[in-house]
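Structure record follows, encoded as structure tokens.
Chains as they are written, first to last, in our numbering: chain U, 37 to 502; chain Z, 18 to 392.
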């Protein structure tokens with residue numbers, strides 16, 4: 037407990053949400069930009085290659101179609117439109133060559149490199165010191181004078197391709213830059229608006245009155261609701277604790293006032309008494325009152341402790357059998373030996389619940405003490421599982437509490453004040469508080485005539501929970 | 018300008034009379050301009066008559082102190098071979114090559130023999146006169162018809178190719194055997210014009226047929242053809258380079274000139290800086306000069322730039338309204354087709370079949386298509 041109140045050591049300042057979001061968004065945008073740039077480059081190159089390759093094939097096909105046999109010779113009557121087609125790429129140098137199957141140049145440039153094999157439609161090669169893209173179109177002849185394949189090679193330098201590829205890429209990049217700026221602006225807006233509810237919560241909290249512990253009623257996005265829930269849960273716990281504390285103080289004051297007033301009256305009486313026998317009697321009464329008062333104070337403090345612990349102490353897995361043994365031991369210690377005996381009836385396997393050992397033990401002790409004090413021996417303390425519930429049962433052979441008071445057992449103590457006859461009520465109230473704090477309840481039953489059971493019923497711990 | 022007889026120059030350069038025999042074939046004239054012992058030497062090899070280019074060369078030399086211009090005039094095929102050899106490392110590089118055989122120039126650029134050059138002036142050239150920033154069209158010379166004013170009445174003279182075909186149609190036409198044009202086998206320019214004609218219009222087939230039927234004469238060289246027209250040996254010459262014809266018409270009133278009004282081919286001599294140029298900056302500066310106002314005036318005086326229509330003569334583009342008549346020969350790789358070995362042989366075979374005089378055995382062959390659009 038003291039740990040929780042100690043000033044927390046200074047934490048290294050965590051990266052702000054805005055920075056995180058900005059960095060993440062910038063990262064996503066840059067990755068996207070790189071991807072789009074690569075795609076644009078690839079697309080630009082491919083588009084321009086396809087466009088200009090068509091010119092090459094068109095021209096080569098026209099030349100191939102102009103091939104004919106004349107006087108037994110293969111002759112290319114190159115049509116002008118073939119070169120007009122090539123000249124559409126205005127600034128390109130043109131290389132062309134018509135070769136027969138022996139590799140003999142029929143016409144054109146002798147030094148245009150031949151294709152690497154017989155099927156390649158396009159290839160790249162150097163021609164007079166400049167790289168060239170070449171299309172190869174093959175024309176088969178089966179004539180009396182000429183049989184075989186004539187290959188028409190038509191090539192272009194790469195200026196226009198590169199220019200077009202760059203143009204396409206550039207267009208895409210301009211678009212990308214514009215889109216990137218737009219997205220960045222949107223991202224700024226998105227980050228700002230996404231963080232807005234947090235600022236609202238902060239403002240809502242700081243504007244509250246210091247003693248206002250009611251739940252916050254702020255409309256927030258679903259993602260931020262857990263924070264509001266947590267804050268509200270925290271404030272609820274704070275509120276309950278404050279209420280319990282106030283109640284405790286009020287109750288305690290109320291409980292203590294009567295016995296202290298009685299003590300005062302007795303001591304005043306004693307101070308004016310000369311008769312020794314009478315004085316002795318008065319001192320005896322003062323002693324009895326003091327013992328009662330000290331037990332009351334004990335129980336009030338216990339209750340305060342339990343109330344605090346139910347809210348403030350972390351819960352563990354608790355074996356109810358151990359709780360019972362502990363309670364029995366402490367009860368025995370407090371009582372004189374040879375008094376009414378307490379029987380334990382425990383199962384062989386652990387009965388796990390989630391809770392606070394001390395509170396549970398205290399509740400158990402209170403039930404046992406009540407039974408020992410007001411019930412009829414023998415008193416039995418039993419632990420068992422019943423369905424999804426763990427049950428801690430204290431049974432005796434007396435009449436127990438009248439059935440009409442069962443329902444209000446938790447309240448009874450407050451309403452009736454701290455008379456001695458009602459001390460049982462305080463112990464039961466503590467047991468009731470503990471049961472409720474553990475999600476269970478305190479119950480009573482009379483299963484057979486001459487048998488009364490007080491029963492603490494708690495949910496079993498989920499299997500495997502810590 | 019220092020000008021020496023070619024033979025004497027070569028003797029002086031080589032120091033031996035025996036060198037006469039070694040005079041490079043195709044070299045027609047040489048000369049130097051500017052500072053004789055200039056630190057910077059700009060070597061220009063060109064097909065252009067040195068006389069025609071002299072005003073421009075002198076004017077440029079004056080503007081550039083310390084520059085010596087060495088000018089060599091070559092015939093087009095020799096210039097092409099020499100430039101190709103230089104490109105392959107087998108000959109000295111010129112700094113600047115200017116040729117009217119623009120198809121050969123396109124081939125040189127396509128073969129990577131040229132050096133890139135960019136300036137404010139070249140950037141203003143229309144696309145068909147600037148290829149790859151390596152080849153620039155610097156002149157504007159129409160291909161014209163020339164006739165003898167004394168022998169052909171103005172109202173009889175053909176205004177278009179259709180008129181010419183009509184003149185040649187009658188069997189007993191007095192024009193039979195008296196029409197001249199370039200021999201495309203020996204004249205690169207003639208081949209270029211004929212090839213351009215073949216792809217400009219469908220008239221070419223009819224024209225060629227008319228030439229064949231009427232016994233038109235294919236002969237060499239602008240000067241000779243124009244002389245023959247002036248002398249009356251020929252009545253009409255077809256597809257003569259306008260710069261020569263106009264210069265001659267100024268001096269000789271017998272010569273009349275017609276811009277065919279179906280379409281007129283317009284040639285722009287092409288200039289390129291050699292890849293291995295020793296002095297590319299001076300070469301670039303000379304290109305800029307030829308495209309500048311002063312250069313245009315010098316070239317216009319020499320008839321190398323013809324005002325077409327009546328718009329700004331310095332503008333190398335074509336004025337609106339006459340675009341449909343004037344057809345520029347674009348500096349474009351399309352011109353490579355005409356240089357193709359097979360294409361050229363097929364084209365020349367067809368031409369000679371029609372125009373060679375006397376009985377000759379026609380070799381059987383498949384159809385040679387000379388329509389402007391092949392399938």
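Cβ atoms here follow ideal geometry from the backbone N, Cα and C, with glycine treated the same way.
The Cβ atoms of residue 105 of chain U and residue 181 of chain U sit closer than 8 Å to each other.
DSSP, reduced to helix, strand and coil, places residue 192 of chain Z outside both helices and strands of the structure shown, so it counts as coil. Between the alpha carbons of residue 114 of chain Z and residue 82 of chain U lies a distance of about 39 Å. Counting along the chain, the unbroken alpha helix (DSSP H) around residue 261 of chain Z starts and ends at 259-268. Secondary structure in the stretch 201-272 of chain Z: the beta strand (DSSP E) runs of 3 residues or longer, each lying completely within the stretch, are 234-236, 253-258 in chain order. Shown in chain order are the members of the stretch 344-367 of chain Z whose Cβ falls below 7 Å from a Cβ of chain U: 349, 350, 351, 353, 354, 357, 358, 359, 360, 363. Shown here for residue 251 of chain U: same chain residues with a beta carbon closer than 6 Å to its own, the five before and five after excluded, namely 268 in chain order.
From the beta-carbon of residue 94 of chain U, no residue of chain Z is found nearer than 9 Å; the closest lies around 13 Å away. Nearest CB-CB separation between residue 128 of chain Z and chain U: below the 8 Å threshold. At a cut-off of 8 Å between beta-carbon atoms, residue 149 of chain Z makes contact with chain U.
Bounds of the beta strand (DSSP E) holding residue 62 of chain Z are 57-63. Residue-level contact check: residue 91 of chain U does not touch chain Z, since none of the beta carbons of chain Z fall below 8 Å from its beta carbon.
Contact annotation for residue 114 of chain U against chain Z: 354, 357, 359, 360 [CB-CB distance below 8 Å, chain order]. Taking all protein chains in view, the Cβ of residue 78 of chain U is surrounded by fewer than 16 other Cβ atoms within 10 Å, so the residue is classified as exposed. The C-alpha of residue 203 of chain U lies about 42 Å from the C-alpha of residue 57 of chain Z.
Here residue 144 of chain Z carries a helix assignment [DSSP, helix/strand/coil]. Residue 104 of chain U: member of the beta strand (DSSP E) spanning 103-106, first to last residue. Residue U:177 holds the alpha-carbon nearest to the alpha-carbon of residue 101 of chain U among U:177, U:287, U:144, U:56. By the beta-carbon neighbour count (other beta carbons within 10 angstroms, threshold 16), residue 114 of chain U is buried. Under the three-state reduction of DSSP output, residue 119 of chain U falls in the helix class. Listed by position along chain Z, the residues whose Cβ is nearer than 8 Å to that of residue 130 of chain U are 127, 350, 353.
As the crow flies, the alpha-carbon of residue 149 of chain U is around 47 Å from that of residue 63 of chain U. Residue burial is scored here from C-beta neighbours: residue 41 of chain Z has fewer than 16 other C-beta atoms within 10 angstroms and is therefore classed as exposed. Annotation: residue 291 of chain Z to residue 122 of chain Z spans about 11 Å, alpha carbon to alpha carbon.
Nearest Cα to residue 195 of chain U within the set U:189, U:211, U:166: U:166. Neighbours of residue 110 of chain Z in chain U, taken as residues whose beta carbon is under 8 Å from its own, are absent, since the nearest beta carbon is some 16 Å off. At a cut-off of 8 Å, the C-beta of residue 187 of chain Z has no neighbouring C-beta in chain U. In the three-state reduction of the DSSP assignment, residue 436 of chain U falls in the coil class. Look at residue 145 of chain U here: in three-state DSSP terms it is coil, with no helix or strand label. Taking CB atoms only, residue 277 of chain Z has no neighbour in chain U less than 8 Å away. Among the bridge pairs identified by DSSP, residue 193 of chain U is matched with U:168. Under the DSSP assignment, residue 90 of chain Z falls in the beta strand (DSSP E) whose first and last residues are 84-91.
Inter-residue distance for residue 127 of chain Z and residue 84 of chain U is about 22 Å (C-alpha atoms, whole angstroms). Note that the stretch 48-62 of chain Z does not touch the stretch 226-239 of chain Z; fewer than 3 beta-carbon pairs, one per stretch, sit closer than 8 Å. Counted as a single uninterrupted DSSP element, the stretch harbouring residue 412 of chain U is not any alpha helix (DSSP H), since DSSP gives it neither H nor E. The residue from U:343, U:382, U:350 with its alpha-carbon nearest to that of residue 362 of chain U is U:382.
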